[in-house]
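2 protein chains.
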Amino acid sequence: MREDDVVAAIRAIVEPVIHRRIVLGIGDDAALWQPSRSHRSAITTDMLVEGVHFSRALMSLNDAGWRAMMANAADVAAMGACPLLATVALGVPAGAVFDEVRDLYDGLSAAAREVRIDIAGGDLSRAPAFTIAVTAVGEVRPSNVKTRAGGRPNAILAVTGELGASRAGLDVARNPHLLEGELAVAALEAFRRPRARCAEGRYFGASRNVQAMMDCSDGLSTDLDRLCVASGCGAVVERVPVADAARAAAQKLGEDPERYALAGGEDFELLVAISPRAFGHLAQRFAARFGRPLHRIGFLRETAGIEFHDQPLQRTGWDHFTR
Amino acid sequence: MREDDVVAAIRAIVEPVIHRRIVLGIGDDAALWQPSRSHRSAITTDMLVEGVHFSRALMSLNDAGWRAMMANAADVAAMGACPLLATVALGVPAGAVFDEVRDLYDGLSAAAREVRIDIAGGDLSRAPAFTIAVTAVGEVRPSNVKTRAGGRPNAILAVTGELGASRAGLDVARNPHLLEGELAVAALEAFRRPRARCAEGRYFGASRNVQAMMDCSDGLSTDLDRLCVASGCGAVVERVPVADAARAAAQKLGEDPERYALAGGEDFELLVAISPRAFGHLAQRFAARFGRPLHRIGFLRETAGIEFHDQPLQRTGWDHFTR
Numbered sequence: 001m002r003e004d005d006v007v008a009a010i011r012a013i014v015e016p017v018i019h020r021r022i023v024l025g026i027g028d029d030a031a032l033w034q035p036s037r038s039h040r041s042a043i044t045t046d047m048l049v050e051g052v053h054f055s056r057a058l059m060s061l062n063d064a065g066w067r068a069m070m071a072n073a074a075d076v077a078a079m080g081a082c083p084l085l086a087t088v089a090l091g092v093p094a095g096a097v098f099d100e101v102r103d104l105y106d107g108l109s110a111a112a113r114e115v116r117i118d119i120a121g122g123d124l125s126r127a128p129a130f131t132i133a134v135t136a137v138g139e140v141r142p143s144n145v146k147t148r149a150g151g152r153p154n155a156i157l158a159v160t161g162e163l164g165a166s167r168a169g170l171d172v173a174r175n176p177h178l179l180e181g182e183l184a185v186a187a188l189e190a191f192r193r194p195r196a197r198c199a200e201g202r203y204f205g206a207s208r209n210v211q212a213m214m215d216c217s218d219g220l221s222t223d224l225d226r227l228c229v230a231s232g233c234g235a236v237v238e239r240v241p242v243a244d245a246a247r248a249a250a251q252k253l254g255e256d257p258e259r260y261a262l263a264g265g266e267d268f269e270l271l272v273a274i275s276p277r278a279f280g281h282l283a284q285r286f287a288a289r290f291g292r293p294l295h296r297i298g299f300l301r302e303t304a305g306i307e308f309h310d311q312p313l314q315r316t317g318w319d320h321f322t323r
Numbered sequence: 001m002r003e004d005d006v007v008a009a010i011r012a013i014v015e016p017v018i019h020r021r022i023v024l025g026i027g028d029d030a031a032l033w034q035p036s037r038s039h040r041s042a043i044t045t046d047m048l049v050e051g052v053h054f055s056r057a058l059m060s061l062n063d064a065g066w067r068a069m070m071a072n073a074a075d076v077a078a079m080g081a082c083p084l085l086a087t088v089a090l091g092v093p094a095g096a097v098f099d100e101v102r103d104l105y106d107g108l109s110a111a112a113r114e115v116r117i118d119i120a121g122g123d124l125s126r127a128p129a130f131t132i133a134v135t136a137v138g139e140v141r142p143s144n145v146k147t148r149a150g151g152r153p154n155a156i157l158a159v160t161g162e163l164g165a166s167r168a169g170l171d172v173a174r175n176p177h178l179l180e181g182e183l184a185v186a187a188l189e190a191f192r193r194p195r196a197r198c199a200e201g202r203y204f205g206a207s208r209n210v211q212a213m214m215d216c217s218d219g220l221s222t223d224l225d226r227l228c229v230a231s232g233c234g235a236v237v238e239r240v241p242v243a244d245a246a247r248a249a250a251q252k253l254g255e256d257p258e259r260y261a262l263a264g265g266e267d268f269e270l271l272v273a274i275s276p277r278a279f280g281h282l283a284q285r286f287a288a289r290f291g292r293p294l295h296r297i298g299f300l301r302e303t304a305g306i307e308f309h310d311q312p313l314q315r316t317g318w319d320h321f322t323r
């Protein structure tokens with residue numbers, strides 16, 4: 001069973017919605033509710049488990065804490081919302097010492113400060129392995145909410161940065177000889193200390209020309225498919241912006257760099273669908289504001305499915321229930 | 001190291017607070033923030049791990065899901081808040097089948113409906129054992145917020161129900177011969193299907209005479225100590241209302257029923273500190289409204305520490321880091 005199928009089955013169990021103030025439930029990057037008429041709050045949760053999502057052979061507990069917080073911040077940002085606070089439920093294995101818990105919390109806390117999140121509460125528990133369940137809350141004006149749905153045929157698809165560096169970092173962590181020098185450093189940094197695109201998320205939230213938005217956490221091939229399904233569209237991918245480290249790693253491994261980047265997850269770049277007439281202007285303003293280009297990767301189409309270099313593109317990203 | 005010491009150390013790492021709108025951070029049943037001037041939102045999180053908090057030999061996954069949701073609802077209720085929504089991060093061991101995930105979600109969902117919570121989002125992950133991290137959000141008027149702090153000497157301490165039944169249920173689940181008939185049924189029901197006191201929490205929230213409130217989740221001896229520390233008081237416990245099933249179980253086990261109940265956790269009754277002059281009236285109205293008595297257990301005092309039958313009372317409840 002695929003993760004999305006399990007989610008769909010769960011959705012059927014937990015519906016119907018009781019409170020009308022829940023304006024968006026299960027299935028997007030975050031859920032939305034209405035604390036008062038003029039406000040929307042966004043909430044998202046993510047679990048990182050040692051041995052599943054991270055291994056201490058490849059990253060420190062400090063890095064794992066950082067990533068857990070950033071993953072949630074990225075989900076909040078993907079709604080157009082501004083992160084406000086988080087809670088942390090932490091499972092600690094027997095035999096762990098307090099310095100390990102401290103190291104993990106230092107990472108959580110450093111990432112939280114970076115994206116201006118307050119860690120407002122939590123829970124501590126024994127568990128078979130370090131288990132980090134972060135829940136983040138953000139806020140957004142009702143008019144600025146973006147979801148995965150809303151993309152229309154001919155919208156331009158773009159991402160906020162090059163992809164694949166985090167995957168390259170994982171490969172370098174596993175095999176330190178894969179890359180050298182600055183490329184190795186950049187790959188490991190992307191893997192261990194990713195950054196959520198919070199300012200970019202708010203920027204797109206404020207634009208009426210952004211039809212749909214989500215973050216790339218499970219690999220673009222998987223995430224784009226989710227955006228397409230939610231928007232009732234298909235897509236054509238023309239090109240994939242590949243990070244230098246990812247290109248070098250792919251070449252060393254004998255893989256196609258674009259496909260390597262399409263399958264890589266945890267880049268936390270935002271994927272947006274933008275009205276075709278507005279794209280040029282928005283991309284120009286984006287570059288001026290953030291000092292980096294907005295990368296056009298293709299466009300939405302009516303026909304279902306994703307095409308990449310004249311071939312159907314399958315999901316190659318992360319799925320918890322098929323791997 | 002005690003759990004509360006770990007929490008205090010973590011608090012030092014994650015401070016300071018960035019957003020002024022976080023009006024209450026780590027250390028109470030839930031954190032509070034201000035989505036708009038006239039609103040307060042409460043958030044709490046709790047992790048349940050198979051083999052740590054529950055065992056499938058003693059309860060079904062359905063029951064575990066129910067308890068996970070109720071534990072969070074009880075924390076929200078303890079702030080005087082009304083539960084609104086929850087997210088669920090679920091870790092599923094390799095080899096689990098979808099029917100198990102469904103059973104767990106059925107329990108989560110049934111409890112959520114019972115307390116009018118919408119499950120608005122979640123995350124699914126592999127994990128070494130079933131791991132249920134629920135985060136619940138509730139809402140409360142600023143004037144109705146109650147915390148563990150605020151209790152003053154001479155306040156009357158009371159609980160919303162008899163204690164110890166959940167512990168008796170655990171003992172019966174371990175040893176089915178311990179109790180028989182209705183007592184066994186009541187004990188198992190309290191253990192497997194506890195109920196958060198949401199209406200009672202809102203009721204106390206609306207009363208200016210309730211100085212402090214929390215829920216009894218780790219055992220009254222431990223929870224009362226936390227309320228005392230937060231309020232800068234000590235307490236005298238005069239009597240403990242013991243559930244019939246707990247009394248019978250304690251007697252069979254050769255234990256003192258009151259001490260058995262003091263050490264039992266997961267009853268989810270509310271513990272309140274009430275102005276002495278208002279107690280009689282409030283208790284009368286409580287009984288009329290809920291059809292059950294409000295149980296007076298003792299009073300707060302200036303001198304630190306808790307006294308029970310002329311002896312100092314030690315914490316005998318649940319602590320994740322000393323057991």
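Note that the protein sequences, when read in sequence, are chains A and B.
Using our numbering, you'd call the opening residue of the first sequence number 1 and step up by one each time.
Using our numbering, you'd call the opening residue of the second sequence number 1 and step up by one each time.
A virtual CB, placed ideally from N, CA and C, is assigned to each residue, including glycine.
As the structure is a computational prediction, the values presented were derived from the model and not from experiment.
Return the first residue and the last residue of the beta strand (DSSP E) that M213/A is part of.
Residues 210-215.
Given a cut-off of 8 Å on the beta-carbon distance, is the pair V237/A and I297/A in contact?
Yes, the Cβ-Cβ distance between V237/A and I297/A is below 8 Å.
Here's the rule: buried if 16 or more other CB atoms are within 10 angstroms of the residue's CB, otherwise exposed. What is D218/B?
When all chains shown are included, D218/B counts as buried.
Would DSSP call V140/A helix, strand or coil?
V140/A: strand per DSSP, three-state reduction.
How about G77/A and R197/A: do their beta carbons lie closer than 8 Å?
Rather than Gly, the amino acid found at residue 77/A in this sequence is Ala. Yes, the Cβ-Cβ distance between A77/A and R197/A is below 8 Å.
Find the nearest neighbour of R192/A within the set A248/A, G122/A, A64/A, judged by alpha-carbon distance.
The candidate whose alpha carbon is nearest that of R192/A is A64/A.
Taking all protein chains shown into account, do 16 or more other C-beta atoms lie within 10 angstroms of the C-beta of V172/A, making it buried, or fewer, making it exposed?
Classification of V172/A: buried, given that the 10 Å Cβ count is 16 or more.
For A71/A, which residues from the same chain have a beta carbon less than 6 Å from its beta carbon, with the 5 sequence-adjacent residues on both sides left out?
So the qualifying residues of the chain are D46.
Skipping 5 residues on each side, what residues in its chain have a beta carbon closer than 8 Å to that of R323/A?
With a pLDDT of 45 at R323/A, under the threshold of 50, the modelled position of that residue is not reliable, and no figure is offered here.
Are any of the Cβ atoms in chain A nearer than 8 Å to that of Y105/B?
For Y105/B, the answer is yes, since a Cβ of chain A falls inside 8 Å of its Cβ.
Within its chain, find whatever has a CB closer than 8 Å to the CB of F54/B; leave out the 5 residues flanking it on each side and keep chain order.
Hits under 8 Å: L48, D63, A64, R67.
What did DSSP end up calling V236/A once you bin it into helix, strand or coil?
In this structure, V236/A counts as strand in the three-state DSSP scheme.
Quick check on the DSSP output: what are the complete alpha helix (DSSP H) runs of length 4 or more inside the segment 234-302 of chain B, in order along the chain?
The qualifying runs are 244-253, 257-263, 276-290.
Just the chain A side, please: which residues come within less than 8 Å of T45/B by C-beta, in chain order?
Within chain A, the residues near T45/B are T87, V88, A89, G121, G122, D123, A133, T135.
Hey, quick one: how far does the beta strand (DSSP E) through R21/B stretch, first residue to last?
Looking at the DSSP string, R21/B is not in any beta strand (DSSP E), and its letter there is neither H nor E.
Quick test of your reading: M214/A and L271/A, contact by CB under 8 Å. State the CB separation rounded to the nearest angstrom.
About 5 Å; that satisfies the 8 Å criterion.
Under the rule that 16 or more other beta-carbon atoms within 10 Å means buried, what is N144/B, buried or exposed?
Buried is the call here.
Along the beta strand (DSSP E) that carries T222/B, what are the first and last residues, could you check?
That residue, T222/B, is in no beta strand (DSSP E); its alpha helix (DSSP H) goes 220-231.
Within its chain, find whatever has a CB closer than 6 Å to the CB of D123/B; leave out the 5 residues flanking it on each side and keep chain order.
Here the set comprises A89.
Which residues of the segment 1-19 of chain A have a Cβ closer than 8 Å to any Cβ of chain B? Give them in chain order.
Cβ contacts with chain B: M1, E3, V6, V7, A9, I10, I13, V14, V17, I18, H19.
Which residues of the segment 69-86 of chain A have a Cβ closer than 8 Å to any Cβ of chain B? Give them in chain order.
Against chain B - using a Cβ distance shorter than 8 Å - the residues of the segment 69-86 of chain A are L84, L85.
What's the gap between the Cα of P276/B and the Cα of V115/A?
So the two alpha carbons sit approximately 46 Å from each other.
Measuring alpha carbon to alpha carbon, tell me which of S109/B, D244/B, T135/B, M79/B ends up nearest I18/A.
Considering only alpha carbons, the answer is S109/B.
I'd like the span of the alpha helix (DSSP H) that includes L188/A, first residue to last.
Taken as a continuous stretch (DSSP letters only), the alpha helix (DSSP H) holding L188/A covers 181-192.
From the DSSP output, which residues share a beta bridge with I306/A?
DSSP lists A235/A as partners of I306/A.
Using DSSP with H/G/I as helix, E/B as strand and the rest coil, what is R323/B?
Bear in mind that a pLDDT of 45 at R323/B, under 50, signals an unreliable position, so the model cannot answer this.
With a threshold of 8 Å between beta-carbons, can P176/A be considered close to chain B, or not?
By this cut-off, P176/A is not an interface position.
From the DSSP output, which residues share a beta bridge with P83/A?
Bridge partners of P83/A: G138/A.
Just to make sure I have the definition right: I need the residues of chain A whose C-beta is within less than 8 Å of the C-beta of I26/B. Which are they?
By Cβ distance, chain A contributes I119, A120, G121, G122.
Would you report the Cα separation of H309/B and R37/A, rounded to the nearest angstrom?
The straight-line gap from Cα to Cα measures roughly 53 Å.
Less than 8 Å between the C-beta atoms of A235/A and I132/A, yes or no?
In this structure, I132/A does not lie closer than 8 Å to A235/A by Cβ.
For chain B, find out if any of its Cβ atoms is closer than 8 Å to the Cβ of H347/A; answer yes or no.
As shown, chain A starts at 1 and ends at 323. That puts residue 347/A outside it, with no answer to give.
For E114/A, which three-state DSSP category applies?
The answer is helix: DSSP assigns E114/A an H, G or I state.
Does H53/B come out as helix, strand or coil in the three-state DSSP assignment?
Coil, per DSSP.
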